[in-house]
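Trainee:
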């Protein structure tokens with residue numbers, strides 16, 4: 004339990020891995036994301052939010068410390084900021100030090116060296132971070148190929164009942180997050196719960212039924228599938244992680260510029276979309292638990308991704324670039340009483356089945372179009388929970404434990420509401 | 186309140202041309218850093234030399250520049266940067 008001397012809102016922070024703004028609430032006409040769209044309809048939605056670096060560990064360390072990569076000095080996966088740059092306080096640590104129970108489920112910090120092989124526990128978290136046991140199979144040979152054998156493929160729809168442990172990491176994370184919500188609710192503790200979902204990160208390992216939402220004949224190519232003529236070579240990312248998967252290796256694509264065959268481009272896009280809908284169903288189950296536990300009226304919900312992902316635009320795939328498709332992220336904040344009008348008898352969050360609902364095509368939430376940055380997540384959430392105001396970082400700030408290089412986005416909430 | 190909203194991003198590279206570690210260079214291999222600024226009207230990216238030991242970018246060591254206009258080129262397919270027209274853009278912006 005936390006210290007209990009907390010007056011502010013609870014916080015649920017949902018972090019998604021490699022999710023670009025391909026969502027119904029961002030105007031995408033193909034994606035079926037009814038649950039995230041529902042969250043958006045009750046939120047302030049930032050349509051031009053950008054990550055500070057389009058790769059997992061540097062982006063996550065940046066927005067969880069409120070500092071830019073030049074200050075965390077993390078551009079790869081191989082150092083821990085507290086030892087390598089400065090002993091910076093983190094967003095969950097700030098809540099923990101203000102009496103909250105702080106909990107991490109799934110991929111919040113990038114696991115490994117960049118978070119001290121502990122997800123920064125115990126600095127950031129009250130309890131040891133949870134990782135789903137089935138995560139270890141993600142990169143193993145669990146994808147059934149046309150030859151009937153198992154492979155480590157990029158495209159990997161699965162029958163969940165047939166995979167090891169009979170489950171998938173994001174399903175386990177949802178279950179654990181709901182279990183933790185029930186626990187803190189029973190204890191009446193104020194909480195900061197961060198839930199990090201793995202999909203749509205590669206491999207595209209998702210329940211195969213989600214393919215039904217996206218018949219391959221309906222899948223188009225990127226509108227600009229060729230490498231632009233005036234693109235400097237240094238700006239191009241050769242998507243090496245994609246190339247390493249067995250099904251892509253078999254395509255014998257030339258390095259670095261060889262295009263992905265058209266039929267496989269459609270397959271990648273179909274698999275990404277299906278992974279997003281699978282993720283959406285997990286988010287829907289989590290949000291409906293928030294509702295059913297009576298927490299929707301006193302919990303701030305922030306939803307973001309660590310960065311985007313190229314789906315064939317400019318002849319590129321994956322992240323690893325400065326293009327908008329790689330840096331732009333979904334970012335939205337649900338704040339009870341602020342982004343929604345006073346509750347009626349109706350539920351705020353009900354689970355929406357993507358197979359049985361016509362997804363929203365226009366974002367009905369409050370929209371803010373000004374460019375904003377993920378590095379501002381820290382100060383925004385802290386201010387929404389009415390924690391003491393974070394000071395701006397001096398330059399340099401390597402010696403300063405508590406400050407931010409972002410700026411609270413709360414001033415935008417007023418203009419968005421108007 | 187009088188300043189335009191800007192979102193900054195950066196990405197490291199080991200070399201000017203793509204190689205196998207271009208997507209994810211280790212710190213020791215980083216030689217170039219691409220700094221981007223994104224406003225509501227454009228994205229400008231400056232690729233400059235980078236020292237991974239001192240963590241310093243050398244703004245006089247320019248490797249490439251990109252300029253895209255949001256309104257007319259939302260997918261960022263037409264790099265408008267042209268040395269003759271925009272030769273001092275980096276100096277003005279940074």
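Protein chains in written order, with this note's numbering: chain A, 4 to 421; chain B, 186 to 279. For every residue, glycine included, the Cβ atom is placed at its ideal position computed from N, Cα and C.
#1: In terms of residues, what are the limits of the alpha helix (DSSP H) holding residue 383 of chain A?
#2: Let's test the definition: count the other Cβ atoms within 10 Å of the Cβ of residue 149 of chain A and tell me whether it reaches 16, buried, or not, exposed.
#3: Of all the alpha helix (DSSP H) runs that stay within the bounds of the stretch 252–301 of chain A, which reach a length of 4 or more residues?
#4: Assuming residue 20 of chain A contacts residue 309 of chain A (C-beta within less than 8 Å), just tell me the rounded distance between them.
#5: Give me the residue from B/230, B/205, B/189 with the minimum Cα distance to residue 196 of chain B.
#6: Which residues mark the beginning and the end of the beta strand (DSSP E) in which residue 230 of chain B is found?
#7: Give the DSSP-derived three-state secondary structure of residue 168 of chain A in the structure shown.
#8: Output the distance between the C-alpha atoms of residue 60 of chain A and residue 205 of chain A, rounded to the nearest integer angstrom.
#9: Does the structure place the stretch 135–152 of chain A close enough to the stretch 83–102 of chain A that three or more beta carbon pairs sit under 8 Å?
#10: So is residue 272 of chain B buried or exposed if we call it buried at 16+ other beta carbons inside 10 Å?
#11: Out of curiosity, what's the CA-to-CA distance linking residue 115 of chain A and residue 83 of chain A?
#12: Under 9 Å between beta-carbons, which chain A residues line up against residue 208 of chain B? List them in chain order, please.
#13: Quick one: does residue 246 of chain B have its CB under 9 Å from some CB of chain A?
#14: The alpha helix (DSSP H) that contains residue 245 of chain A, what's its start and end?
#15: For residue 270 of chain B, report the span of its beta strand (DSSP E) as first-last.
#16: Using the Cα positions of residue 242 of chain B and residue 408 of chain A, report the straight-line distance between them to the nearest angstrom.
#17: Which one or two residues does DSSP pair with residue 219 of chain A in a beta bridge?
#18: Per DSSP, residue 3 of chain A is paired with what?
#19: Is any beta-carbon of chain A found at less than 9 Å from that of residue 234 of chain B?
#20: Give me whichever residues DSSP pairs with residue 208 of chain B in a beta bridge.
#21: Give the interface partners of residue 202 of chain B over in chain A, defined as CB-CB distance under 9 Å, in chain order.
#22: Looking at chain B, which residues of the stretch 70–84 of chain A have a Cβ within less than 8 Å of any of its Cβ atoms?
#23: How far does the alpha helix (DSSP H) with residue 39 of chain A in it extend, from its first residue to its last?
#24: The alpha helix (DSSP H) with residue 97 of chain A in it runs from where to where?
#25: For the stretch 366–382 of chain A, enumerate the residues whose C-beta is nearer than 8 Å to any C-beta of chain E, in chain order.
#26: Let me see if you follow: with CB-CB separation under 9 Å, is residue 260 of chain B close to chain A or not?
#27: Look up residue 186 of chain B in the DSSP assignment and say whether it is helix, strand or coil.
#28: Using alpha carbons as the reference points, say which of B/237, B/227, B/233 lies closest to residue 261 of chain B.
#29: With DSSP as the reference, please indicate the residues paired to residue 314 of chain A in a beta bridge.
#30: Just to confirm before moving on: does the CB-CB distance between residue 243 of chain A and residue 211 of chain B stay below 9 Å?
#31: In the DSSP assignment, the alpha helix (DSSP H) including residue 63 of chain A goes from what residue to what residue?
#32: Going by beta-carbon coordinates alone, are residue 328 of chain A and residue 307 of chain A separated by less than 9 Å?
#33: State the start and end residues of the unbroken alpha helix (DSSP H) segment that holds residue 87 of chain A.
#34: Could you tell me the alpha carbon to alpha carbon distance between residue 381 of chain A and residue 339 of chain A, rounded to whole angstroms?
#35: Return the Cβ separation of residue 264 of chain B and residue 234 of chain A in integer angstroms, given the expectation that the two are a contact with Cβ distance under 8 Å.
#36: Starting from the Cα of residue 417 of chain A, find the closest Cα among A/336, A/399, A/406 and give me that residue.
Mentor: Walking through what the data contain:
#1: Residue range 380–387 is occupied by the alpha helix (DSSP H) that includes residue 383 of chain A.
#2: exposed
#3: 265–295
#4: That pair is a contact at about 6 Å.
#5: Measuring from the Cα of residue 196 of chain B, the nearest candidate turns out to be B/230.
#6: 227–236
#7: Helix.
#8: 15 Å
#9: no
#10: exposed
#11: Cα to Cα, residue 115 of chain A sits roughly 9 Å from residue 83 of chain A.
#12: 58, 240, 241, 242, 243, 244, 321, 322, 323, 324
#13: No, no contact with chain A.
#14: Start and end: 243–246.
#15: Counting along the chain, residue 270 of chain B falls outside any beta strand (DSSP E), though it belongs to the alpha helix (DSSP H) covering 268–271.
#16: 19 Å
#17: Partner(s): none; residue 219 of chain A has no beta bridge.
#18: Summary: the structure shown does not reach residue 3 of chain A, with chain A confined to residues 4 through 421, and so no result is reported for it.
#19: no
#20: The partner list for residue 208 of chain B (beta bridge, DSSP) is empty, contrary to what the question assumes.
#21: Simply 236, 237, 239, 259.
#22: 71, 72, 73, 76, 78, 79, 80, 81, 82
#23: Looking at the DSSP string, the run of the alpha helix (DSSP H) that includes residue 39 of chain A is 37–44.
#24: 94–99
#25: Going by chain labels, chain E is absent from the structure shown, which instead holds the protein chains A and B.
#26: Yes, residue 260 of chain B lies at the interface with chain A (some Cβ there is under 9 Å from its Cβ).
#27: Low per-residue confidence applies at residue 186 of chain B: pLDDT is 47, beneath 50, and the placement is therefore not dependable enough to give any value.
#28: Taking only the C-alpha atoms, the option nearest residue 261 of chain B is B/227.
#29: A/320
#30: no
#31: 59–68
#32: Contact flag unset, no.
#33: 84–87
#34: 19 Å
#35: 6 Å
#36: A/336
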